[in-house]
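Numbering (our numbering), first residue to last: 12 to 91.
Following: one structure in structure tokens, then a few remarks.
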């Protein structure tokens, strides 16, 4: 089962076992900035002014970083 906010953005999904994953969209862009799993583990997502993912941090602390050129093309991606 999925739950949406007043403007139609996904807020939560509950599976058949009753476990809920929560989604936190940015108020302005609607892009997902945080996902929290049923066990409370969270991932965070960050974007540039072109709505391109620039970094993400998983619940295990692993960080993904992306860099783009002036035309918006992905030029580098690192994980650490």
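Note that beta-carbon positions come from the ideal geometry of N, C-alpha and C, so glycine has one too.
Just curious, the beta strand (DSSP E) that residue i is in, first and last residue?
| i | result |
| --- | --- |
| residue 68 | 64 to 68 |
| residue 48 | First-last for residue 48: undefined, no H or E at that position. |
| residue 87 | 85 to 90 |
| residue 74 | 74 to 79 |
| residue 28 | Neither: residue 28 is in no beta strand (DSSP E) and is coded neither H nor E. |
Taking the straight line between their C-alpha atoms, what separation do you get for residue i and residue j?
| i | j | result |
| --- | --- | --- |
| residue 67 | residue 15 | 23 Å |
| residue 87 | residue 81 | 13 Å |
Are the beta-carbon atoms of residue i and residue j separated by less than 8 Å?
| i | j | result |
| --- | --- | --- |
| residue 56 | residue 44 | yes |
| residue 52 | residue 36 | no |
Closer than 7 Å by C-beta to residue i: which residues in its own chain qualify, once you throw out the five before and the five after it? Chain order, please.
| i | result |
| --- | --- |
| residue 21 | 13, 15, 34 |
| residue 62 | 40, 42 |
Given residue i, which residues of its chain have a CB within under 8 Å of its CB, disregarding the five upstream and five downstream residues?
| i | result |
| --- | --- |
| residue 59 | 65, 79 |
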